[in-house]
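In the numbering used here, the protein residues as written are 571 to 841.
The beta-carbon is built from N, C-alpha and C at its ideal position, and this holds for glycine as well.
Because the structure is a prediction, the values reported are computed rather than measured.
The structure appears below as structure tokens.
Now the structure itself:
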């Protein structure tokens with residue numbers, strides 16, 4: 571049996587999500603996960619005018635953190651060809667750039683990203699798909715996002731994860747199950763966003779007024795806005811952003827088990 575790993579499209583879609591977050595890309599600037607996997611990385615970043623700003627150590631750190639792996643700096647330098655002395659950019663393109671596609675980066679990640687299986691397991695001499703899905707979620711929680719309580723199939727999802735912790739766990743589970751998991755309700759994300767958008771402009775204006783000698787307004791405005799931001803944050807933490815039909819980890823396990831089993835198989839896995 572070959573070592574298990576994720577499909578290229580699973581990693582590519584999650585990679586695109588992080589590129590959007592990392593560089594603040596608009597929808598029309600983000601690479602298409604299904605069509606741009608063979609696109610050269612240098613040509614893409616040149617097209618969106620970010621090639622000269624691409625900082626390899628920062629890029630390396632963010633990708634490793636997103637996919638939960640570590641590798642040496644030399645491996646990254648080898649991928650991008652910065653460990654060799656090229657006299658011109660044309661030489662780099664000929665030797666490295668023309669081969670440095672998103673597919674190559676995706677496979678670089680796939681070889682290192684820890685694999686978590688959601689495949690059926692045997693329980694009392696019977697194959698059980700929901701049990702396999704639950705054990706996968708349990709391993710995901712224990713390895714990367716420890717839950718607030720010990721997980722059992724009957725555990726309510728909101729008793730284990732809330733706020734940012736739920737967001738991270740859900741996002742991780744989503745890409746590992748081929749992005750078929752329903753998104754969390756959009757209003758939930760707007761709560762923090764609205765509070766943040768209000769707080770920072772008011773803080774900036776308050777600092778300007780404070781420097782001009784107006785002390786009362788900045789203090790009152792900043793305190794009030796900060797209080798509202800905290801209210802938004804608390805509401806986000808206490809609210810229920812879960813899609814309809816998902817309450818316990820049993821619900822999630824049954825949903826994952828009901829997906830196409832072929833999609834869940836790791837790329838290259840042989841049985």
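Within the continuous beta strand (DSSP E) that includes residue i, where are the two ends?
| i | result |
| --- | --- |
| residue 696 | 696-698 |
| residue 652 | No beta strand (DSSP E) holds residue 652; DSSP gives it neither H nor E. |
Considering only the beta carbon of each residue, do residue i and residue j sit closer than 8 Å?
| i | j | result |
| --- | --- | --- |
| residue 820 | residue 724 | yes |
| residue 856 | residue 613 | With the chain covering 571 to 841 only, the question about residue 856 has no answer from this structure. |
| residue 731 | residue 706 | no |
| residue 599 | residue 611 | no |
| residue 651 | residue 673 | no |
| residue 749 | residue 583 | yes |
| residue 683 | residue 824 | no |
| residue 615 | residue 624 | yes |
| residue 676 | residue 605 | no |
| residue 734 | residue 718 | no |
| residue 721 | residue 708 | yes |
Assuming residue i and residue j are in contact, meaning their beta carbons sit under 8 Å apart, how far apart are those beta carbons, in whole angstroms?
| i | j | result |
| --- | --- | --- |
| residue 745 | residue 754 | Wrong, their Cβ atoms sit about 14 Å apart, outside the cutoff. |
| residue 588 | residue 654 | At roughly 27 Å, the Cβ-Cβ gap does not stay under 8 Å, so residue 588 and residue 654 are not in contact. |
| residue 818 | residue 726 | 6 Å |
| residue 747 | residue 668 | Not quite, the Cβ-Cβ distance comes to about 34 Å (not below 8 Å), so this is no contact. |
| residue 827 | residue 700 | 4 Å |
| residue 679 | residue 637 | 5 Å |
When we look at the beta-carbon of residue i and count the other beta-carbons within 10 Å, is it buried (16 or more) or exposed?
| i | result |
| --- | --- |
| residue 841 | Caution applies to residue 841, whose pLDDT of 32 falls short of 50 and renders its modelled position unreliable; the value that the coordinates give is listed next. It counts as exposed. |
| residue 742 | buried |
| residue 804 | exposed |
| residue 586 | buried |
| residue 685 | exposed |
| residue 533 | The question about residue 533 has no answer here: the residues shown for the chain are numbered 571 through 841. |
| residue 576 | buried |
| residue 714 | exposed |
| residue 716 | exposed |
| residue 832 | Because residue 832 carries a pLDDT of 43, less than 50, the predicted location of this residue cannot be relied on, and the following value inherits that uncertainty. Answer is exposed; the Cβ neighbour count stays below 16. |
| residue 797 | exposed |
| residue 639 | exposed |
| residue 806 | buried |
Going by DSSP, what residue range makes up the alpha helix (DSSP H) through residue i?
| i | result |
| --- | --- |
| residue 691 | Taken as a continuous stretch (DSSP letters only), residue 691 belongs to no alpha helix (DSSP H), being part of the beta strand (DSSP E) at 691-693. |
| residue 586 | 578-593 |
| residue 674 | 672-680 |
| residue 633 | 626-637 |
| residue 614 | 611-617 |
| residue 733 | 733-746 |
| residue 869 | In the structure as shown, the chain starts at 571 and stops at 841, and residue 869 therefore has no counterpart that could be examined. |
| residue 819 | 819-827 |
| residue 623 | Per DSSP, residue 623 belongs to no alpha helix (DSSP H) and is neither H nor E. |
| residue 730 | 727-730 |
| residue 660 | 659-665 |
Indicate, with yes or no, if the ligand NAP has a heavy atom lying under 7 Å from the CB of residue i.
| i | result |
| --- | --- |
| residue 748 | Among the components modelled here there is no ligand, and therefore nothing to report on the ligand NAP. |
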